[in-house]
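Chains as they are written, first to last, in the numbering used here: chain A, 1 to 232; chain B, 233 to 459. Virtual Cβ for every residue (Gly too), placed ideally from N, Cα, C.
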Amino acid sequence: MIEGINISKTYGSKNVLRDISVRIPMGEFVAVLGPNGAGKSTLLKILALISKPDSGQVIIGDQSLINTPGELKRKIGIISHSSFLYPELTAYENLQFFGRLYGMDNLEAQIIAVIKKVGLLLALNEQVYTFSRGMLQRLSIARALIHNPEVILLDEPFTGLDQHGISLLQGVLRDLKSNHKTILMVTHSFEDGMNDVDRILILNKGQIAADFPTENLLSEDLKRIYHEKVAC
Amino acid sequence: MGRELALITTIFKKDLVSEFRAKESVVTMVTFSVLILVLFSMAFEPSRRTVEEILPGLIWMSLIFSGILGLNRTYARERFNDCLIGILSTPIAPYQIYLGKAASNLVQLLFVEIITFPLYFIFYDLNLKGSLGILIIIMLIGSVGFILVGTFLAALTSNLRANEALLPVILFPLLMPVLLAAIEATSAVFTGLSLDQYLPWIKLILVYDLIFLVMPLLLFDYLMEVD
């Protein structure tokens, strides 16, 4: 479970987030939609504990950020349109680096397990600068899952992916959901990755404009609701 | 303590391996340092006495300028692919990132010193009158002071426009105490003065090192905040 309570964030005179509260129970997959500048990525960074809110707090499981920031970060994995990977290092060295930062034991076995999951075992010892965009994103997924996090946060993860990459990421998300991981995905797309989403939040001007389940929701309905909420 | 040290070492090793593979900083630093040395030796034909007077300043200035080239790369590498955000999403504390990077920068600078320092003796036909051991200690603690403050300020300027030009501008005023003390102490060793005569300079460098070891530990959290 991840929860943000009464979160506000201001950049200069602009209120990017205005007293937002979000709760995602364990095993739920939530997508956050919204126009540019709505505060989606800021919300994700705050929930990922890499940016501090001006007010409000983040709770993961039953732990608050105030008491155990290091422990909380161990429970989160982030997949972004940026890979967070070092081009000079090999795939193995990148995963080893992040695994060590998470203080993992039995790292070697876990690296092999996640690299197999994303289908990059043969490229394990290749330097990352030789990777295609799709391979980079697959390795980025492996990096985010190396420490087996409870909560997965995704920031525009489908950006720049080809059809193969999209299919693979959708498969990974389905797999994570079936393993009862808590997932929050910030996206612009009404299509990619939306099949497995349980709930949709529409963010507009730093506030939650709509929060509804996806059960029996047609793509046309979603677009209509989105345009209604964002237009107002 | 062991776990904290392991995280610092992880950053340190990653930076060194990246640099070893990319060869972006060290090669530039060594080339720049050697070029200064050669150009000065061609531009001037100083007497032995003049060499003893100006060489300590020349050595330190060339090291500082070449070191700045490396410092500018420290966080540039992290900006690529948003790697710094990746690091900050893990349980590592910002001060551990700072110490890991400072250690890596120090090793790179010492590597440059090991290559270029003997060349000064060859090009300027210099005979060291004081102790080589003490000279090495002065070079080491002076380099530590420079790297500690440089790594801290490089983080401060890394997200700013024209950061490569800005870093020297804000770094040099803060470096004045350690630079002055290091030049004076180095000069004293060159001319063979007794340790008592330049011990205050060594103490000043050590105090400076201590201040700039502790201060970034207190402030680095603020520098690493992500908007």
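Exercise. With which residues is T159/A paired in a DSSP beta bridge?
Worked result: Indexing the first sequence from 1 puts residue 159/A at position 159. None, per the DSSP bridge assignment.
Exercise. Cα-Cα, which of F452/B, P432/B, P288/B and V344/B is closest to L301/B?
Worked result: Within the second sequence, residue 301/B is the residue found at index 69, counting from 1. Selected option, being the one with the closest Cα: V344/B.
Problem set entry | Selection of the region 39 to 62 of chain A by Cβ proximity to chain B, strictly under 9 Å | T42, K45, A48, L49, I50, S51 and K52
Problem set entry | With 16 other Cβ atoms within 10 Å as the buried cut-off, status of E71/A | Taking the first residue of the first sequence as 1, we reach residue 71/A at position 71. Exposed, since its Cβ has fewer than 16 Cβ neighbours within 10 Å.
Problem set entry | Endpoints, the alpha helix (DSSP H) within which D19/A is located | One-based indexing of the first sequence puts residue 19/A at position 19. Not the alpha helix (DSSP H): D19/A falls in the beta strand (DSSP E), residues K14 to I24.
Problem set entry | chain B contact residues for K73/A, given Cβ-Cβ distances below 8 Å | Taking the first sequence and counting its residues from 1, one reaches residue 73/A at position 73. Neighbours of K73/A on chain B, chain order: S321, T322 and P323.
For this session: May I ask you to list the residues that DSSP assigns as paired with Q328/B?
Result: Within the second sequence, numbered from 1, the residue matching residue 328/B stands at position 96. DSSP lists no partner for Q328/B.
Exercise. When you compare only the Cα positions, how much space is there between D192/A and P25/A?
Worked result: In the first sequence, the residue the question calls residue 192/A occupies position 192. In the first sequence, the residue the question calls residue 25/A occupies position 25. The straight-line gap from Cα to Cα measures roughly 22 Å.
Exercise. For F272/B, does the three-state DSSP call read helix, strand or coil?
Worked result: On the second sequence, position 40 is the one that residue 272/B refers to. Three-state result, F272/B: helix.
Problem set entry | Collapsed DSSP secondary structure at D211/A in the structure displayed | Translated into positions along the first sequence, residue 211/A becomes position 211. Here D211/A sits in strand by DSSP.
Exercise. Skipping 5 residues on each side, what residues in its chain have a beta carbon closer than 8 Å to that of G99/A?
Worked result: Here the question's residue 99/A lines up with position 99 in the first sequence. Cβ within range, chain order: L107, Q110, I111, I146 and H147.
For this session: Would you list the one or two residues that DSSP bridges to G4/A?
Result: Within the first sequence, residue 4/A is the residue found at index 4, counting from 1. V22/A and V58/A, per the DSSP bridge assignment.
Exercise. Taking the DSSP output, what are the residues bridged to A254/B?
Worked result: Translated into positions along the second sequence, residue 254/B becomes position 22. For A254/B, which the question treats as bridged, DSSP gives no partner whatsoever.
For this session: Report the residue from V270/B, Y307/B, M274/B and S273/B whose alpha carbon sits nearest the alpha carbon of N395/B.
Result: Mapped onto the second sequence, residue 395/B falls at position 163. Closest by alpha carbon: Y307/B.
Exercise. Going straight from the alpha carbon of V376/B to that of L338/B, what length do you get?
Worked result: Position 144 of the second sequence, counted from the first residue, corresponds to residue 376/B. Position 106 of the second sequence, counted from the first residue, corresponds to residue 338/B. Cα-Cα distance, rounded: 7 Å.
Problem set entry | Test: Y226/A CB closer than 8 Å to a CB of chain B | Within the first sequence, the letter at position 226 stands for residue 226/A. Closer than 8 Å: no.
Exercise. With DSSP run on the structure shown, which of helix, strand or coil describes G77/A?
Worked result: Residue 77/A sits at position 77 when you count from the first residue of the first sequence. Three-state result, G77/A: strand.
Problem set entry | Residue from C315/B, I354/B and W433/B with nearest C-alpha to I415/B | The count along the second sequence starts at 1 and reaches residue 415/B at position 183. When each option's Cα is compared against that of I415/B, the closest is W433/B.
For this session: Return yes when the Cβ of Y226/A is within less than 8 Å of the Cβ of I208/A, no when it is not.
Result: Against the first sequence, residue 208/A aligns to sequence position 208. Against the first sequence, residue 226/A aligns to sequence position 226. No, they are not a contact pair.
Exercise. Comparing alpha-carbon positions, which option in V439/B, L438/B and T418/B lies nearest Q429/B?
Worked result: Walking along the second sequence from the start, residue 429/B turns up at place 197. It is T418/B.
Exercise. S132/A CB to nearest chain B CB: under 8 Å?
Worked result: The residue given as residue 132/A occupies position 132 in the first sequence. With 8 Å as the cut-off, S132/A does not count as an interface residue toward chain B.
For this session: Would you mind listing the beta strand (DSSP E) stretches within the region 144 to 197 of chain A that are 3+ residues and don't spill past its ends, in chain order?
Result: 151 to 155 and 182 to 186
For this session: Would you decide whether G365/B is buried or exposed? Buried here means 16 or more other CB atoms lie within 10 Å of its CB.
Result: Residue numbering aside, residue 365/B sits at position 133 when the second sequence is read from its first letter. With fewer than 16 Cβ atoms within 10 Å of its Cβ, G365/B is classed as exposed.
For this session: Over the uninterrupted alpha helix (DSSP H) stretch that includes F422/B, give me the two end residues.
Result: Here residue 422/B refers to the residue found at position 190 of the second sequence. N395 to T423 is the span of the alpha helix (DSSP H), which, as asked, contains F422/B.
Exercise. Is the Cβ of G234/A closer than 8 Å to any Cβ of chain B?
Worked result: Since the first residue of chain A shown is 1 and the last is 232, residue 234/A is not available in this structure.
For this session: Could you name the residues of chain B that I76/A contacts, counting a contact when the two beta carbons are closer than 9 Å?
Result: Counting from 1 along the first sequence, the entry for residue 76/A is found at position 76. What I76/A touches in chain B: S321.
Exercise. Taking just the CA atoms, how far does T90/A sit from Q96/A?
Worked result: Stepping through the first sequence from its first residue, residue 96/A is reached at position 96. Stepping through the first sequence from its first residue, residue 90/A is reached at position 90. Distance between the alpha carbons of Q96/A and T90/A: 10 Å.
Problem set entry | Separation of R309/B from V186/A, as counted between CA atoms | The residue you call residue 186/A lines up with position 186 of the first sequence. The residue you call residue 309/B lines up with position 77 of the second sequence. Computed Cα separation, rounded: 26 Å.
Exercise. How about I20/A and I2/A: do their beta carbons lie closer than 8 Å?
Worked result: Translated into the one-based positions of the first sequence, residue 20/A becomes position 20. Translated into the one-based positions of the first sequence, residue 2/A becomes position 2. The answer is no: Cβ separation not under 8 Å.
Problem set entry | Beta-carbon spacing of F158/A, I166/A below 8 Å | Taking the first residue of the first sequence as 1, we reach residue 158/A at position 158. Taking the first residue of the first sequence as 1, we reach residue 166/A at position 166. Yes, they are a contact pair.
For this session: State whether the region 120 to 127 of chain A contacts the region 351 to 358 of chain B, with contact taken as three or more CB pairs (one from each stretch) at a distance under 8 Å.
Result: no
Problem set entry | Identity of the residue in R393/B, D441/B, S363/B and T389/B nearest M408/B by Cα | Along the second sequence, one-based indexing puts residue 408/B at 176. Nearest C-alpha to M408/B: D441/B.
Problem set entry | Straight-line Cα distance separating I50/A from I370/B | As a working note, residue 370/B is residue 138 in the second sequence. As a working note, residue 50/A is residue 50 in the first sequence. About 40 Å.
Exercise. Which same chain residues, not among the five before or five after I46/A, have their C-beta less than 7 Å away from its C-beta?
Worked result: Locating residue 46/A in the first sequence gives position 46, where the first residue counts as 1. Around I46/A: G4, I7, K9, P53 and V58.
Exercise. Do the region 238 to 258 of chain B and the region 278 to 294 of chain B meet, that is, are 3 or more Cβ pairs less than 8 Å apart?
Worked result: no
Exercise. Does the distance from the C-beta atom of I464/B to that of A334/B stay below 8 Å?
Worked result: Look at the range of chain B in this structure, 233 to 459, and you will see that residue 464/B is not part of it.
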